[in-house]
Amino acid sequence: MESHKGVTLLDFWVSPFGQRARIAMAEKGIEFEYKEENLAQKSELLLKMNPVHKKIPVLVHDGKPVCESLIIVQYIEEAWPEKTPLLPSDPYQRAQARFWADFVDKKVYDCGSRLWKTKGEEKEAAKKEFIEILQILESELGDRKYFGGETFGYVDVAFVPFTAWFHSYETEAGFSVEESAPKISTWAKRCGERESVKKHLYEKEKVYEFVCMLKKRLGIE
Amino acid sequence: MGEVELKLLGMWASPFAIRVRIVLNQKGLKYEYFEEDLKNKSELLHKYNPIHKKVPVLIDKDRSVCESLIILQYIDEISQTGPSVLPTDPYERAMTRFWAAYIDDKVFLAMGGILKATTEEEKTDKITEAMSVLELLEETFKKCSKGKYFFGGDTIGFLDVTLGSYLVLLKAAEKVFEFKILDETKFPKLMEWTERFLSTDCVKEVMPKVERVEEFYTKIVKPRWAAASSQ
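Line order of the protein sequences matches chains W and E. Under my numbering, read the first sequence as residues 5 to 225, first letter to last. Under my numbering, read the second sequence as residues 4 to 234, first letter to last.
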């Protein structure tokens, strides 16, 4: 195995999972080399670094791979402890942060995907479920600036990449994030002003273009 | 440190609850245990895990921690006694978390796949899938243990309890649903580890007896799934 010093991220441009890693490193001021993967033709490096799942993102640090986006973010946090912490220092607060990031992981992407992959009754059900998810998250956020409180933290990193997909979800399913969960909408705008987020999330129109392309490819009209 | 006032909401056959109890035992932490009837969830469960309404739930004074792997990390961080459940090195922690997620993702599914198979062909396919998961875990065991007794080295750790919490369920399932995947010839190191793990004190005290799980599968699970698949 080549002992390449430094940090490389194997990723796919629009992946919200990859963006978690990019944003975490940007927040912590960690330099990394970005490698775009062609998911239709996965590189030898990707297959070697993630033989179990063959998925992106994969963080390669001094030649050693870390897989699974939230595991990568926790690794980034622990390997660079001297840089801006993303997790609170109190064990109970950390457990809460892990819980909510896990909640985002379990719910947002799958339900969000159903908003554009399904039609009719299934789509309506997905919409209802998605709004519920947003409202649960809104209730957790409360009147705080970020999920991390005063500072942008772990849960914010976990959830923020999906804000670039809100427009696609809204357009496909016919609802408004601002109407259904206004605090989440405000939070999304606030996050969008951060350098790390501005740099690593794509414009909503570009994401929607991607969704439309996927729909065509999957034969969904 | 002040009095630890812990409560745990669990279910006797849940691998997720079992693993938390093993670690609480290992750390010598006292707690009050509440057995949940998952068909008739208690007010406590609704109050302390309103989002998922699942066990286990650890209640520390009046605050709850949910999701078994998150609970394990929390216990590690608050306890002053007993060996660390997670390694200290960040890379080893990442590897441990990766394999724990893999185990929870694949083992449960693989087992369920075999149990729910409606044809012999499907069952054979699912058994093959489960075997390839165990093959990978045999390799992982060799790498993590580095010649020692457990995934965690000298003492039981995060991966030991994550995988170990499924063992009695797997053994009972093999008997009741007539298949074999825990094969000493194919997975020698892993099978040695299973016996070692199951005979450790902090595990023995918590693990249900295999006969009890067999009865549970025979009387409750099998008929329930037979009814569902005949609809």
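The beta carbon of each residue, even a glycine, is placed where N, CA and C say it ideally should be. A quick note: this is a predicted structure, and the numbers were derived from the prediction, not measured.
* **Identified DSSP bridge partners for residue 13/E** => The partner list for residue 13/E (beta bridge, DSSP) reads 38/E.
* How about residue 105/W and residue 181/W: are their beta carbons less than 9 Å apart? -> no
* **Span separating the alpha-carbon of residue 84/E from that of residue 75/E** => C-alpha separation (whole angstroms): 14 Å.
* Can the beta-carbon of residue 126/E be found closer than 9 Å to that of residue 182/E? -> Yes; because the gap between Cβ atoms is below 9 Å, this pair is in contact.
* For residue 65/W, which residues does DSSP report across the bridge? -> 11/W, 68/W
* Return helix, strand or coil for residue 34/W, following the three-state DSSP convention. => Of the three classes helix, strand and coil, the one that applies to residue 34/W here is coil, per DSSP.
* Is DSSP giving residue 4/E helix, strand or coil here? -> Below a pLDDT of 50, predicted positions are generally treated as unreliable, and residue 4/E, at 48, falls in that range; the measurement from the model is reported next regardless. It is coil, neither helix nor strand.
* 4 or more residues per run - each alpha helix (DSSP H) lying fully within the region 195 to 220 of chain E -> 204 to 207, 213 to 219
* To do: Determine the direct distance from the alpha carbon of residue 44/W to that of residue 200/E, and round the result to whole angstroms.
  => Their Cα atoms are separated by approximately 43 Å.
* **Range of the contiguous beta strand (DSSP E) that encloses residue 66/E** => Judged by DSSP secondary structure, residue 66/E falls within the beta strand (DSSP E) whose first and last residues are 66 to 69.
* Asked: Are there 16 or more other CB atoms within 10 angstroms of the CB of residue 202/E, so buried, or fewer, so exposed?
  -> exposed
* Could you confirm whether any beta carbon from chain W is found closer than 9 Å to the beta carbon of residue 70/E? => Residue 70/E counts as touching chain W.
* With 7 Å as the limit, tell me which residues of the region 94 to 128 of chain E have their beta carbon closer than that to any beta carbon of chain W; keep them in chain order. => 94, 96, 97, 100, 101, 104, 105
* Contact check, residue 215/W vs residue 172/W under 8 Å by CB: the rounded distance? -> 5 Å
* Asked: Do you know offhand how far residue 190/W's Cα is from residue 147/W's?
  -> 10 Å
* What span of residues does the alpha helix (DSSP H) with residue 254/W cover, start to end? -> Because chain W in this structure spans residues 5 to 225, residue 254/W falls outside the shown range and cannot be described.
* Taking Cβ positions, are residue 105/E and residue 137/E nearer each other than 9 Å? -> no
* Which partner residues does residue 145/E have in the DSSP bridge list? -> Partner(s): none; residue 145/E has no beta bridge.
* To do: Can you tell me the Cβ-Cβ gap for residue 117/E and residue 180/E, rounded? I've got them flagged as a contact below 8 Å.
  => 7 Å
* Asked: Which residues in chain W sit within 8 Å of residue 73/E, going by Cβ to Cβ distance?
  -> 99, 102, 103, 106
* Is any beta-carbon of chain E found at less than 9 Å from that of residue 79/W? -> yes
* Local Cβ density within 10 Å of residue 186/W, reported as buried at 16 or more and exposed below that -> exposed
* the region 12 to 30 of chain W contacting the region 200 to 212 of chain W, beta-carbon criterion three pairs below 8 Å -> yes
* Is the CB of residue 63/E under 9 Å away from at least one CB in chain W? -> yes
* Where does residue 153/E sit, in a helix, a strand or coil, going by DSSP? -> strand
* Using 10 angstroms around the beta-carbon of residue 56/W, count the other beta-carbons present and answer buried if the total reaches 16, otherwise exposed. => exposed
* Distance CB(residue 166/W)-CB(residue 151/W) smaller than 9 Å -> no
* What residues from chain E crowd round residue 95/W, counting only those whose CB sits closer than 7 Å? -> Close partners of residue 95/W in chain E (Cβ separation under 7 Å): 77, 80, 81.
* Asked: Fully enclosed by the region 71 to 128 of chain E, which alpha helix (DSSP H) runs are 4 residues long or longer?
  -> 71 to 81, 93 to 119
* Asked: Under a three-way DSSP split, which group does residue 138/E fall into?
  -> helix
* Hey, residue 49/W and residue 39/W: beta-carbon distance below 9 Å or not? -> yes
* Do residue 101/E and residue 72/W have their C-beta atoms closer together than 9 Å? -> yes
* Asked: When DSSP labels each residue in this structure, what does residue 150/W get in the three-state scheme?
  -> strand
* How about residue 66/E: is its C-beta nearer than 9 Å to some C-beta of chain B? -> This model lacks chain B altogether; the protein chains it does include are W and E.
* Asked: Any residues in the region 53 to 77 of chain W with a beta carbon nearer than 8 Å to a beta carbon of chain E? Which ones, in chain order?
  -> So the close ones are 56, 65, 68, 70, 71, 72, 75, 76.
* Does residue 82/W have its Cβ less than 9 Å from a Cβ in chain E? -> So, interface residue.
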